[in-house]
Amino acid sequence: MPLVQQAESSDKPASTGAAATKRGPRREQVVEYLREAITVGRFVDGDRLIEERIANELATSRGPVREALRQLEHEGLVVSYPYRGAVVLGVSEEEIQEVLIPIRLTLERFSFTKALEQMREADFAELAKEVWVMSEAARAGELLRIVEADIRFHEFVLSRSGQPHTTQVWHSIAPRIRAYFFRYGLVADHGQIAIEHGQLLEAMQTRDRDVVLNAVERHITVRTPGR
């Protein structure tokens, strides 16, 4: 049940709120907490995010919550309406298919081939580490950990592409990509996610541009939960 609804039905703070209190949440902690809550579906499309209730839940003032909501609005996870305040903006199947996947495909086809010119063995080892993290997380059933390793894998390659503007575009949609990675992971074979990234890494290690382009296209144009 979303935190907002919990606040309406109970005066007791949720355990996640208690944990956040121990950390002494400020803007960054509030952003992290709310971003994760939206990503994993504790907040869903259309939920109102009421500053006072969230501040009480996290034992902080309304200032950091207000700043966090502005940041999440900038990331495309929240939208503000007059007289309604902040509302969760869900990731629809239509957006995944018509916006996020095509943008990812354009950005990553370009960036992965550019990265081939820069990648060293130590860089491949870094990607292999993320594949290992995915495998371990899959065995433990830790979907959020898989998603974070998945994001790091792709961001690492983009960072080696030498294309800062491309990387900037990626970062602008990364929060919504993270949300759809989690959504896909709810119904996907977690072990297969690691295997597919291992295959993508192997393609990159060939340093063959055509092999990499084909691998990137296969990797990104996967079936999603609504298909």
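Numbering of the sequence shown is given in the numbering used here, commencing with residue 212 and proceeding in unit increments.
For each residue, glycine too, the CB sits at the ideal point set by N, CA and C.
Per DSSP, reduced to three states, the secondary structure at Val298 is strand.
Fully enclosed alpha helix (DSSP H) runs of no fewer than 4 residues occupy 332-351 of the stretch 332-356, in order along the chain. For Ser372, there is no enclosing alpha helix (DSSP H), since its DSSP letter is neither H nor E. When secondary structure is reduced to three states using DSSP, Val241 falls in the helix class. For Glu239, the closest alpha carbon among the candidates Phe323, Asn267, Arg281 is that of Arg281. Cβ atoms of Ser372 and Ser322 come within 8 Å of each other, at about 4 Å.
A straight-line Cα-Cα distance of about 20 Å links Ala405 and Thr250. Arg259 has Val298 as its beta-bridge partners, per DSSP.
In the displayed model, Ser322 falls within a helix according to three-state DSSP. Under the Cβ criterion (8 Å, minimum of three pairs), the stretch 357-364 does not count as touching the stretch 308-320. Each residue's CA atom was taken as its position, placing Pro386 and Leu288 some 7 Å apart. Considering only Thr271, Asp421, Arg253, Asp256, the residue with the shortest C-alpha distance to Arg237 is Thr271. Ranked by Cα distance from Leu318, the first of Gln379, Lys340, Ala349 is Gln379.
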